[in-house]
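Asker:
Protein chains: 2
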Amino acid sequence: MKATEKLKNKNNDGKLICVGLDTDVNKIPEHLKKTANPVLEFNKAIIESTASYTAAFKINFAFYECEGIDGMKNLERTLSLIPEDTMVIADAKRGDIGNTSLMYAKSVFDYFKFDAVTVHGYMGKDSVEPFLRYDDKLIFILALTSNPSAADFEKLKTEDGSFLFQNVIRKVNEWNGKNNCGIVFGATKTQELKDNIDSFGNLAVLLPGVGAQGGSLEEVVKTFKEKKRTDLLVNVSRGIIYKSRDIDFAEAAKQEIIALNGTVRNIYG
Amino acid sequence: MKATEKLKNKNNDGKLICVGLDTDVNKIPEHLKKTANPVLEFNKAIIESTASYTAAFKINFAFYECEGIDGMKNLERTLSLIPEDTMVIADAKRGDIGNTSLMYAKSVFDYFKFDAVTVHGYMGKDSVEPFLRYDDKLIFILALTSNPSAADFEKLKTEDGSFLFQNVIRKVNEWNGKNNCGIVFGATKTQELKDNIDSFGNLAVLLPGVGAQGGSLEEVVKTFKEKKRTDLLVNVSRGIIYKSRDIDFAEAAKQEIIALNGTVRNIYG
Numbered sequence: 640m641k642a643t644e645k646l647k648n649k650n651n652d653g654k655l656i657c658v659g660l661d662t663d664v665n666k667i668p669e670h671l672k673k674t675a676n677p678v679l680e681f682n683k684a685i686i687e688s689t690a691s692y693t694a695a696f697k698i699n700f701a702f703y704e705c706e707g708i709d710g711m712k713n714l715e716r717t718l719s720l721i722p723e724d725t726m727v728i729a730d731a732k733r734g735d736i737g738n739t740s741l742m743y744a745k746s747v748f749d750y751f752k753f754d755a756v757t758v759h760g761y762m763g764k765d766s767v768e769p770f771l772r773y774d775d776k777l778i779f780i781l782a783l784t785s786n787p788s789a790a791d792f793e794k795l796k797t798e799d800g801s802f803l804f805q806n807v808i809r810k811v812n813e814w815n816g817k818n819n820c821g822i823v824f825g826a827t828k829t830q831e832l833k834d835n836i837d838s839f840g841n842l843a844v845l846l847p848g849v850g851a852q853g854g855s856l857e858e859v860v861k862t863f864k865e866k867k868r869t870d871l872l873v874n875v876s877r878g879i880i881y882k883s884r885d886i887d888f889a890e891a892a893k894q895e896i897i898a899l900n901g902t903v904r905n906i907y908g
Numbered sequence: 640m641k642a643t644e645k646l647k648n649k650n651n652d653g654k655l656i657c658v659g660l661d662t663d664v665n666k667i668p669e670h671l672k673k674t675a676n677p678v679l680e681f682n683k684a685i686i687e688s689t690a691s692y693t694a695a696f697k698i699n700f701a702f703y704e705c706e707g708i709d710g711m712k713n714l715e716r717t718l719s720l721i722p723e724d725t726m727v728i729a730d731a732k733r734g735d736i737g738n739t740s741l742m743y744a745k746s747v748f749d750y751f752k753f754d755a756v757t758v759h760g761y762m763g764k765d766s767v768e769p770f771l772r773y774d775d776k777l778i779f780i781l782a783l784t785s786n787p788s789a790a791d792f793e794k795l796k797t798e799d800g801s802f803l804f805q806n807v808i809r810k811v812n813e814w815n816g817k818n819n820c821g822i823v824f825g826a827t828k829t830q831e832l833k834d835n836i837d838s839f840g841n842l843a844v845l846l847p848g849v850g851a852q853g854g855s856l857e858e859v860v861k862t863f864k865e866k867k868r869t870d871l872l873v874n875v876s877r878g879i880i881y882k883s884r885d886i887d888f889a890e891a892a893k894q895e896i897i898a899l900n901g902t903v904r905n906i907y908g
């Protein structure tokens, strides 16, 4: 199934929360640390408890790469636990010259079979194009990110008075001929979201930063609702998976995503 | 040994060519394809034949990641074949919010034990800072890259009339308190190199793009020589490792890097 269809089906079902599997071995509940593979046990329990309520899962590569080969094996095994109808995003933030980006695209799409990927656009179109060839996938290009230092470059003003990130959004719209492009837009940047949502065109929007980073789900969803848009994914990682650090972590994660879905429903009505 | 010391020792010895191990299983000589692990056999032969002549090795993660777990095992094994006194660069182009970049830094520096890494700076200082904490490493931040589409964003003019990549170089100079920062600057951009070299300060410079991408070693080296700078690394990947695609590939690679070193020596005198 195409990534955009998977997302649409979930969105139509009122689901727009993405569960971020930023699994840090140091933050896993104590009782799991005695098992043979704590990270995998943790992910398995989180996936089982939240899959019915989530729009997508996002796997943050860094948390697996830091454990080397074993970590990448866990990433691979985690993927196999995710239901086929649910989009899985490779939050890998790759981006290189063309022939190298092609290899990265092969890694996330052909080898790991992800539905979507996050990509750095700094190097321009030819660095993104190898990803765009996959018309059944979704490619989220970094526009305005959720971190404080986003201001360093992303909010630099360019010659025509627009911010750099606005130039990125403009270009990504141009690159969207196969309708497989999206942008990453920080949920912490609510004013900028309001100011720029009209420029998003047909792009899918991945919004990280709700929860630990301080972004407000309500404000994000209200902004999209006002524009009659439902094609968004709000990522929550730590706020869901570490809601409880105790034996009830999976149930707590489930209750948290149910509560977040309730917040969304209350706004969309 | 600190990364900067490794580089300085090699530079003092007249070596500034970096061999890029962009090993593509489809481009490996036929006779190696019958071995149990063609990529590793290829890398081993290239490393053995070029290590005495190179300033550094650069490992392009994409070429290993596209083979999944087996590819990452080859990356790990390749690292173990590189002599301790020779800098190894993780050409991984990572970059994410702080807590995630920290995990990427742990992966390349603590797990794989690389001496240096390439990093996307688009997200600003807090995305790079976790790498900068490693004061014995070298962090090369993308400034002006070698690909044609670098013009899309890197050469956007900002409000004060400077290009985006010039703003990046300015910031990286500010971040260089531990003297562990560098920039990536495309060897294909010779005019921009001449126009901007005075802004490089104490930054180490990694220049990809010589060979297959069309950059000129002579022009790059002359530009640095005119400024009495020797702290550069010129990466050549395909131009060395695929110099011959036959049984003599390792010897051909060796002869090629010897010839490139000769070109450098002729210019520095």
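Protein chains in written order, with the numbering used here: chain S, 640 to 908; chain C, 640 to 908.
All C-beta atoms, glycine included, are put in the ideal place defined by N, C-alpha and C.
Remember, predicted model here, so these are calculated numbers, not experimental data.
1. Using the beta-carbon of each residue, which ones in chain C are nearer than 7 Å to Lys796(S)?
2. So Arg733(S) contacts chain C; which residues on that side make the cut at Cβ distance below 8 Å?
3. My guess is that Thr784(S) and Met762(C) are in contact by the Cβ rule of under 8 Å, so how many angstroms apart are they, rounded?
4. Can you list, in chain order, the residues of its chain whose CB lies under 6 Å from that of His670(C), leaving out five sequence neighbours each side?
5. Figure out for me which residue from Ser766(S), Leu803(S), Ile906(S) has the closest Cα to the Cα of Glu831(S).
6. Assuming contact is defined by CB atoms lying nearer than 9 Å, are Thr643(S) and Leu777(S) in contact in what I supplied?
7. From the DSSP secondary-structure annotation, give me the bridge partner or partners of Asn874(S).
8. For Val849(S), list the residues DSSP reports as bridge partners.
9. Mapping the DSSP letters down to three states, classify Met711(C) as helix, strand or coil.
10. What does the Cβ neighbour count give for Pro769(C), buried or exposed, with the cut at 16 atoms within 10 Å?
11. Would you report the Cα separation of Val849(S) and Thr717(C), rounded to the nearest angstrom?
12. Is the CB of Lys712(C) under 9 Å away from at least one CB in chain S?
13. Which stretch, first to last residue, makes up the alpha helix (DSSP H) that contains Ile685(S)?
14. Determine, for His670(S), whether the minimum Cβ-Cβ distance to residues of chain C falls below 9 Å.
15. Cutting at 7 Å between CB atoms, please list the residues of its own chain near Val873(S), excluding the five before and the five after it.
16. Less than 9 Å separating the beta-carbons of Asn713(C) and Glu706(C)?
17. Is the shortest distance between the beta-carbon of Pro787(S) and the beta-carbons of chain C less than 9 Å?
18. Return helix, strand or coil for Asn665(S), following the three-state DSSP convention.
19. Could you confirm whether any beta carbon from chain S is found closer than 9 Å to the beta carbon of Phe888(C)?
20. Thr869(C) and Thr829(C): beta carbons closer than 9 Å?
21. Less than 8 Å separating the Cβ of Gly901(C) from some heavy atom of the ligand GDP?
22. Just to confirm the assignment, what range does the alpha helix (DSSP H) spanning Ala790(S) have?
23. Give a yes or no on whether the C-beta atoms belonging to Ser691(S) and Gly734(S) are separated by under 9 Å.
24. Is there a C-beta anywhere in chain C that falls below 9 Å from the one on Met640(S)?
25. Please report the distance separating the alpha-carbon of Val875(C) from that of Gly659(C).
26. Any contact between the segment 832 to 843 of chain S and the segment 809 to 816 of chain S? By contact I mean 3 or more CB pairs, one from each, below 8 Å.
27. Taking the CB atoms as reference points, tell me whether Thr725(S) and Lys649(S) lie closer together than 9 Å.
28. Hey, Ile686(C) and Phe700(C) are a contact pair by Cβ (cut 8 Å); roughly how many whole angstroms apart?
29. Tell me which residue opens and which closes the beta strand (DSSP E) that Ile896(S) is part of.
30. Mind checking which residues open and close the beta strand (DSSP E) that includes Met726(S)?
31. Leaving aside the five residues before and after Lys794(S) along the sequence, list all residues of the same chain whose C-beta is less than 6 Å from its C-beta, in chain order.
32. What residues in the segment 733 to 754 of chain S bring their beta carbon closer than 9 Å to a beta carbon of chain C?
33. What distance in whole Å lies between the Cβ atoms of Thr797(S) and Thr797(C), which are believed to be in contact at a cut-off of 8 Å?
34. Taking Ser766(C) as the query, report the chain B residues whose CB atoms sit under 7 Å from its CB, ordered along the chain.
35. Examine chain S for any beta-carbon lying closer than 9 Å to the beta-carbon of Lys697(C), and answer yes or no.
36. Report the residue ranges of all alpha helix (DSSP H) runs contained in full by the segment 780 to 824 of chain S; include only those spanning at least 4 residues, in chain order.
Answerer: Let me lay it out:
1. Thr797, Glu798
2. Think of a sphere of 8 Å around the beta carbon of Arg733(S): the chain C residues whose beta carbon falls inside it are Ala701, Lys732, in chain order.
3. 5 Å
4. Ile886
5. Leu803(S)
6. yes
7. Paired residue(s): Cys657(S).
8. Gly854(S)
9. helix
10. Per the 10 Å Cβ criterion, buried.
11. If you take the alpha carbons of Val849(S) and Thr717(C), they lie about 40 Å apart.
12. yes
13. 677 to 689
14. no
15. Leu655, Ile656, Cys657, Ala826, Leu846, Val849, Leu856, Val859
16. yes
17. yes
18. helix
19. no
20. no
21. Among the components modelled here there is no ligand, and therefore nothing to report on the ligand GDP.
22. Its alpha helix (DSSP H) spans residues 789 to 792.
23. no
24. no
25. If I take the Cα positions, the gap works out to 6 Å.
26. yes
27. yes
28. The Cβ separation is near 17 Å, so there is no contact.
29. No beta strand (DSSP E) contains Ile896(S), which is instead part of the alpha helix (DSSP H) from 888 to 907.
30. 726 to 733
31. Phe802
32. Contact annotation: in the segment 733 to 754 of chain S, residues whose CB is within less than 9 Å of a CB in chain C are Arg733, Gly734, Asp735, Ile736, Gly737, Asn738, Thr739, Ser740, Leu741, Met742, Tyr743, Ala744, Lys745, Ser746, Val747, Asp749, Tyr750, Phe751.
33. 6 Å
34. Of the protein chains in this structure, namely S and C, none is chain B.
35. no
36. 789 to 792, 803 to 813
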